[in-house]
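**Q**
Number of protein chains: 2
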Amino acid sequence: MADRAAKDALYAAFGSIAKALGNGHRAEIVDVLAQGERSVDALSREVEQSVANTSQHLQVLARAGLVRTRRDGTSVRYRLASDDVASLWEELRGVAATHLAEVEVLATGYLGDRSEIEQISAAELAERLAYGSVTVLDVRPRSEYLAAHIRGARPAPLDEMADVAETIPAGAEVVAYCRGPYCVYADDAVRLLHARGIAARRLATGLPEWRRAGYPVAVAG
Amino acid sequence: MADRAAKDALYAAFGSIAKALGNGHRAEIVDVLAQGERSVDALSREVEQSVANTSQHLQVLARAGLVRTRRDGTSVRYRLASDDVASLWEELRGVAATHLAEVEVLATGYLGDRSEIEQISAAELAERLAYGSVTVLDVRPRSEYLAAHIRGARPAPLDEMADVAETIPAGAEVVAYCRGPYCVYADDAVRLLHARGIAARRLATGLPEWRRAGYPVAVAG
DNA sequence: AGTTTATTCAAGATATCACTTGATCTAGCT
DNA sequence: AGCTAGATCAAGTGATATCTTGAATAAACT
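Take a look at the structure:
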């Protein structure tokens, strides 16, 4: 057996990656950054933490090599170091959902009762988009739609959903999506559309997962 | 925005999975368990920790849903909760290798200089096995070979390697593999075979990765 | 039923983590 | 050159982790 101290150091390094993700606020930061880069200030507002605390969490992630920075004018913008990090986060979330019973309870506590929210997989949506007719609504903030969206999707931020609903022809099949499987926007959109008698489902995942799976994405208008 | 406390609790649950892997000793335990189930006692010897400490680490992993137990006679045997956990560990290790420069340094410190150790990918080995001629040596302890091995591989524990080497015909192409990309046995085997003038490479990964990738595995004799 | 053996529990010491507060830095403005 | 907004640093506090030691369990043997 080779040197135990060297082996410990190597495994400690592997562990340090997990440790960086092993905090709820940092996990949420990674989840937000999977949507695209953010300034410290914007991020701190999004995760509802102090700027100093957010900065320190970002530095923990940076030391683990999970995020990178660039300066943009007066602000520093953080982004995930690569798609690998987003994939790791996705897998971590999946293992949590599969193996930790409390996740389902907590998800219900956060998102509300989802039993009425029908889901559609990315694979099925891709097929419908290619061969069928389906109205896809991007219910994220407009800035995120502009940065990237599912090819063929319409922008439909939640606060404009009432107007958008007016334009949907009777009998149309609607799919709403947002940031990821635990993003509330798509659930809220489906509820809102259902209340107007529109058949709507939500994409089971979100845009980052769609993009990483290799399905078509469009940028800007 | 929905209830912040509920959101925090949900992300904290995701983080708890990472936290469970966020310790070098627990990471090593998961790595060992990816080879197959182990008793607390056997595991504690393998990771060179006290039984009490190993037991406590295992309970942390169990609370995170990453391992399960079953009783076997006088001992309790732990195993990974599912292949998902092994995949998560594999991805974590991969992100560490890609994004944390120190991993390469630490790996060299543990495994020694690998510049002379030629590697072969699982895909290439699978092809060689199917269409070409290659001698595959499983250099893990015999008990692990018996539990599962690459279909067509010969058992060749390191301490029997000298004998095995005698039986390898001149000009043969040899591939050694063991537990994973950071397992020393395969590196040592390649060095030993090289010293005898035998052309040998190591599989870049190990048996668990081979199996999870869907390549053929055999059990027992 | 008593004994053995493997495992777990409980308590305590030390180190690390998370968050706050207030000060400091720094690049980009005027 | 000085100012400003955004970001980081430094120090301090309470909470959480890690490991040790010795005792307590509990299932499987005789």
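Taken in sequence, the protein lines are chains H and L. Counting from 1, one number per residue, gives the positions in the first sequence under our numbering. Counting from 222, one number per residue, gives the positions in the second sequence under our numbering. The beta carbon of each residue, even a glycine, is placed where N, CA and C say it ideally should be. If you're wondering where the values come from, they're calculated on a predicted model, not measured in any experiment.
(1) Note down, one range per segment and in chain order, each beta strand (DSSP E) of at least 3 residues found wholly within the stretch 91-132 of chain H.
(2) So what's Ile371 (chain L) in DSSP terms, helix, strand or just coil?
(3) Along chain L, in chain order, which residues have C-beta atoms closer than 7 Å to that of Leu88 (chain H)?
(4) Can you look up Thr426 (chain L) in the DSSP assignment and give me helix, strand or coil?
(5) Quick one: give me the first and last residue of the beta strand (DSSP E) that Glu173 (chain H) is part of.
(6) Just checking, does the stretch 163-174 of chain H make contact with the stretch 79-93 of chain H on the three C-beta pairs under 8 Å criterion?
(7) Residues of the stretch 54-68 of chain H with a CB closer than 8 Å to any CB of chain L: list them in chain order, please.
(8) Taking the beta strand (DSSP E) that Asp138 (chain H) belongs to, which residues open and close that run?
(9) Taking the alpha helix (DSSP H) that Arg417 (chain L) belongs to, which residues open and close that run?
(10) Can you pull the chain H residues whose beta carbon is under 7 Å from the beta carbon of Gly243 (chain L), in chain order?
(11) By DSSP, does Ala18 (chain H) sit in helix, in strand, or in coil?
(12) Suppose you measure from the CA of Ile419 (chain L) to the CA of Ala369 (chain L); what does that come to, to the nearest Å?
(13) Which stretch, first to last residue, makes up the beta strand (DSSP E) that contains Ser75 (chain H)?
(14) Taking buried to mean at least 16 other C-beta atoms within 10 Å of its own C-beta, is Pro216 (chain H) buried or exposed?
(15) Is there a Cβ from chain L that is less than 9 Å from the Cβ of Asp84 (chain H)?
(16) If the cut is a Cβ gap below 7 Å, which residues of chain L does Asp8 (chain H) touch?
(17) Can you confirm whether Gly180 (chain H), when its beta carbon is compared against all beta carbons of chain L, has any partner nearer than 9 Å?
(18) Take the Cβ of Gln56 (chain H) as the centre, count every other Cβ of all protein chains shown within 10 Å, and call the residue buried at 16 or more, exposed below.
(19) Quick check on Thr69 (chain H): does DSSP put it in helix, strand or coil?
(20) In whole angstroms, what separates the C-alpha of Glu116 (chain H) from that of Asp187 (chain H)?
(21) Are the CB atoms of Leu282 (chain L) and Arg247 (chain L) nearer to each other than 9 Å?
(22) What's the call for Val324 (chain L), buried or exposed, on a 16-neighbour Cβ count within 10 Å?
(23) Assuming Leu327 (chain L) contacts Ala6 (chain H) (C-beta within less than 8 Å), just tell me the rounded distance between them.
(24) Select from H:Leu88, H:Gly24, H:Ala86, H:Arg140 the residue whose C-alpha is nearest the C-alpha of Thr54 (chain H).
(25) Please list the partners that His320 (chain L) has in chain H, where partner means a Cβ-to-Cβ separation under 8 Å.
(26) Taking its Cβ as the centre, do 16 or more other Cβ atoms sit within 10 Å of Gln256 (chain L), making it buried, or is it exposed?
(27) Should Ser44 (chain H) go down as buried or exposed, given a rule of 16 or more other Cβ atoms within 10 Å for buried?
(28) Closer than 7 Å by C-beta to Pro158 (chain H): which residues in its own chain qualify, once you throw out the five before and the five after it? Chain order, please.
(29) Could you pull out every unbroken alpha helix (DSSP H) segment of at least 4 residues lying fully inside the stretch 21-62 of chain H, listed in chain order?
(30) Looking only at C-alpha atoms, which of L:Gln340, L:Val297, L:Glu348 sits nearest to Val272 (chain L)?
(31) How would you list, in chain order, the residues of chain H whose beta-carbon sits under 8 Å from the beta-carbon of Val324 (chain L)?
(32) Check whether the Cβ of Ala123 (chain H) lies closer than 9 Å to any Cβ atom in chain L.
(33) Comparing the C-beta of Ala425 (chain L) with each C-beta of chain H, is any distance below 9 Å?
(34) Roughly how many angstroms separate the alpha carbons of Leu417 (chain L) and Ala386 (chain L), rounded to a whole number?
(35) By how many angstroms is the C-alpha of Arg372 (chain L) removed from the C-alpha of Ala12 (chain H)?
**A** Taking the geometry as given:
(1) Qualifying beta strand (DSSP E) stretches: none in this window.
(2) Position 150 of the second sequence, counted from the first residue, corresponds to residue 371 (chain L). Ile371 (chain L) carries a strand assignment under DSSP once its states are collapsed to helix, strand and coil.
(3) Sequence index remark: in the first sequence, residue 88 (chain H) carries index 88 (1-based). Neighbours of Leu88 (chain H) on chain L, chain order: Glu312, Leu313, Val316.
(4) As a first step, residue 426 (chain L) must be located in the second sequence, where it is residue number 205. Of the three classes helix, strand and coil, the one that applies to Thr426 (chain L) here is strand, per DSSP.
(5) The count along the first sequence starts at 1 and reaches residue 173 (chain H) at position 173. It spans 173-178 - the beta strand (DSSP E) in which Glu173 (chain H) sits, taken as one unbroken run.
(6) The stretch 163-174 of chain H makes no contact with the stretch 79-93 of chain H: fewer than 3 CB pairs, one atom from each, lie closer than 8 Å.
(7) So the list reads Ala64, Gly65, Leu66, given in the order they occur along the chain.
(8) Walking along the first sequence from the start, residue 138 (chain H) turns up at place 138. 135-138 is the span of the beta strand (DSSP E), which, as asked, contains Asp138 (chain H).
(9) Position 196 of the second sequence holds residue 417 (chain L). Premise fails: Arg417 (chain L) is in no alpha helix (DSSP H) and is neither H nor E.
(10) Position 22 of the second sequence holds residue 243 (chain L). Per Cβ cutoff of 7 Å: Gly15, Ala18, Lys19, Gly22.
(11) For the purposes of this step, residue 18 (chain H) is identified with residue 18 of the first sequence, where counting begins at 1. Ala18 (chain H) sits in a helix when the DSSP states are folded into three classes.
(12) Translated into the one-based positions of the second sequence, residue 419 (chain L) becomes position 198. Translated into the one-based positions of the second sequence, residue 369 (chain L) becomes position 148. For Ile419 (chain L) and Ala369 (chain L), the distance between alpha carbons rounds to 26 Å.
(13) For the purposes of this step, residue 75 (chain H) is identified with residue 75 of the first sequence, where counting begins at 1. Residue range 75-80 is occupied by the beta strand (DSSP E) that includes Ser75 (chain H).
(14) Counting from 1 along the first sequence, the entry for residue 216 (chain H) is found at position 216. That one is exposed.
(15) Indexing the first sequence from 1 puts residue 84 (chain H) at position 84. With respect to chain L, the C-beta atom of Asp84 (chain H) has a partner C-beta closer than 9 Å.
(16) Taking the first sequence and counting its residues from 1, the one referred to as residue 8 (chain H) is at position 8. Result: Gly245.
(17) To locate residue 180 (chain H), count along the first sequence from 1; it is residue 180. No, no contact with chain L.
(18) To locate residue 56 (chain H), count along the first sequence from 1; it is residue 56. Exposed is the call here.
(19) For the purposes of this step, residue 69 (chain H) is taken as residue 69 along the first sequence, with counting starting at 1. Strand at Thr69 (chain H).
(20) As a position in the first sequence, residue 116 (chain H) is number 116, starting the count at 1. As a position in the first sequence, residue 187 (chain H) is number 187, starting the count at 1. In this structure, the straight-line span from the alpha carbon of Glu116 (chain H) to that of Asp187 (chain H) is close to 10 Å.
(21) As a first step, residue 282 (chain L) must be located in the second sequence, where it is residue number 61. As a first step, residue 247 (chain L) must be located in the second sequence, where it is residue number 26. Inclusion of Leu282 (chain L) and Arg247 (chain L) in the CB contact set at 9 Å is warranted, their separation being smaller than that value.
(22) For the purposes of this step, residue 324 (chain L) is taken as residue 103 along the second sequence, with counting starting at 1. By the neighbour-count rule (16 or more Cβ atoms within 10 Å), Val324 (chain L) is buried.
(23) Translated into positions along the second sequence, residue 327 (chain L) becomes position 106. Translated into positions along the first sequence, residue 6 (chain H) becomes position 6. About 7 Å separates the two Cβ atoms, so the contact holds.
(24) Numbered from 1 along the first sequence, position 54 holds the residue referred to as residue 54 (chain H). The shortest C-alpha separation from Thr54 (chain H) is found at H:Gly24.
(25) The residue given as residue 320 (chain L) occupies position 99 in the second sequence. Listed along chain H, the residues sitting closer than 8 Å to His320 (chain L) by beta-carbon distance are Ile17, Ala64, Gly65, Leu66, Ala81, Ser82, Asp84, Val85.
(26) Position 35 of the second sequence, counted from the first residue, corresponds to residue 256 (chain L). Burial state of Gln256 (chain L) is buried, judged by a 10 Å Cβ sphere holding 16 or more other Cβ atoms.
(27) For this step, residue 44 (chain H) is matched to residue 44 along the first sequence. Around the C-beta of Ser44 (chain H), 16 or more other C-beta atoms lie within 10 Å, and the residue is accordingly described as buried.
(28) Position 158 of the first sequence, counting from 1, holds the residue named residue 158 (chain H). As written in the sequence, residue 158 (chain H) is Leu, which differs from the Pro given in the question. Only Val139, Tyr185, Asp188, Ala189 meet the Cβ criterion.
(29) Qualifying alpha helix (DSSP H) stretches, in chain order: 24-33, 40-46.
(30) Looking up residue 272 (chain L) in the second sequence gives position 51. Of the candidates L:Gln340, L:Val297, L:Glu348, the one whose C-alpha sits nearest the C-alpha of Val272 (chain L) is L:Val297.
(31) The residue you call residue 324 (chain L) lines up with position 103 of the second sequence. Leu10, Ala13, Phe14, listed in chain order.
(32) Here residue 123 (chain H) refers to the residue found at position 123 of the first sequence. Closer than 9 Å: no.
(33) Along the second sequence, one-based indexing puts residue 425 (chain L) at 204. No, Ala425 (chain L) does not count as interfacial toward chain H.
(34) Taking the first residue of the second sequence as position 1, residue 417 (chain L) is located at position 196. Taking the first residue of the second sequence as position 1, residue 386 (chain L) is located at position 165. Correcting the residue identity first, residue 417 (chain L) is Arg in this sequence and not Leu. The straight-line gap from Cα to Cα measures roughly 8 Å.
(35) On the first sequence, residue 12 (chain H) is found 12 positions in, with the first residue counted as 1. On the second sequence, residue 372 (chain L) is found 151 positions in, with the first residue counted as 1. Cα-Cα distance, rounded: 33 Å.
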